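A quick write-up on the structure given underneath.
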Amino acid sequence: MEQPGELRFDRASDLLERHRTRLRTGCARMDEVLGGGLLDRGITEIAGEASAGKTQLALQLIFQVQLPRSEGGLQGGALFLHAEGGEAPVKRLRQIGSAFARRWSSAGATVDRLCDNVFIDRIETADLLMNALRYRVPTLLATRAVRLVVIDSIAALFRTHLDDDLPRRSELLHAIAAEMQALSDRMHVAFVVLNQITDSVDTPDTPDAACTAVPAVSKRAALGLAWSHCVNTRLLLSRAQARPFAPPRLQPQLAQLGGALAEQQPRPGARVELRTMRVVLSPCVEQRSCEYVIDADGVRDATDDETAHG
């Protein structure tokens, strides 16, 4: 027990051991780029444009976390805090869960058992999120073996609030992040926070260049530097170029998809839209990227023979 006035230090070996425990994503190329998967502590931000697959990946992680540690899971349940408009994506959650149960049927997995370990709540404002992190979430973590908390999405909570009060917004962002970090360390839980991206105009560095150069428009995660300094890992998802024809193993799944993804189902001259995951910030892996696709079962490698690239 630590005595009053006693200095407490972390051992380097303990910190390194934390970085060895990973939550696999279920996508082999993505796990390779991430050094084995997501860290089991801290805040991982998954940012990206609409339809890049942020929620799809998050839903897949909700089932991956339930696997034994020997299989890349954390042997625990998940909490999904839904902040986007409309209902939580429970239909898609069950679809991915059904595919997951089929793959792990030999271990006794069923979609109902898997979904019993998923807790869902709706959060409408940043203040309500702060309240949940201080009171309701710790209670859940103390009574259930929850090892993953997903927030979808952090930007939605600030979309209509505090627009004219930047100091208050920054203060609340830091407070929310501090609560997440404290819970992560104390309760051994990983936080995955989804975020949107916004257009940012990059102006030239010098006045002379500004007179002749055209500012470039780049994509950046929403909420600015105040939030960027709060996350441990940042992943950026984007929609890449389409590829002619679907890999044979994806054709049956693509045919089952509805909505925008149904446009990718194979037919003469069909093209499958690739998506890219890029590591922007990480405490333990370099900046790399890989390609993936989304099918009825979730997030998958683009092809079996494709490799990650820098």
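Going from the sequence shown to the numbering used here is simple: count from 1 and add 19.
Note that beta-carbon positions come from the ideal geometry of N, C-alpha and C, so glycine has one too.
As the structure is a computational prediction, the values presented were derived from the model and not from experiment.
In the three-state reduction of the DSSP assignment, Phe177 falls in the coil class, being assigned neither a helical nor a strand state. For Val130, the closest of Arg41, Gln79, Ser301 and Ala240 by C-alpha to C-alpha distance is Gln79. When secondary structure is reduced to three states using DSSP, Val250 falls in the coil class, being assigned neither helix nor strand. Looking at the backbone, the Cα of Leu42 and that of Leu185 are separated by about 35 Å. Between the C-alpha atoms of Gly61 and Val212 there is a straight-line separation of about 10 Å.
A distance below 6 Å between beta-carbons, with the five flanking residues on each side excluded, links Arg166 to the following residues of its chain, in chain order: Val84, Leu93, Gly95 and Val208. For His101, the pairing in a beta bridge is given by DSSP as Arg141 and Asp171. Counted as a single uninterrupted DSSP element, the beta strand (DSSP E) harbouring Cys309 occupies residues Ser308 to Asp314. Judged by DSSP secondary structure, Thr63 falls within the beta strand (DSSP E) whose first and last residues are Ile62 to Gly67. According to DSSP, residue pairing for Ser257 in a beta bridge involves Thr295. Boundaries of the alpha helix (DSSP H) around Gly116: Val109 to Arg122. Listed in chain order, the non-local C-beta contacts of Met149 below 8 Å within the same chain comprise Leu191, Ala194, Ile195 and Glu198, local neighbours out to five positions each way being set aside. Taking 8 Å as the cut-off, the Cβ atoms of Ala102 and Leu176 count as close.
Under DSSP, Ala209 takes part in a beta bridge, and its partners are Leu167.
Annotation: the continuous beta strand (DSSP E) that includes Arg319 extends over Gly317 to Asp320. For Ser125, the number of other beta carbons within 10 angstroms of its own is below 16, and it is reported as exposed.
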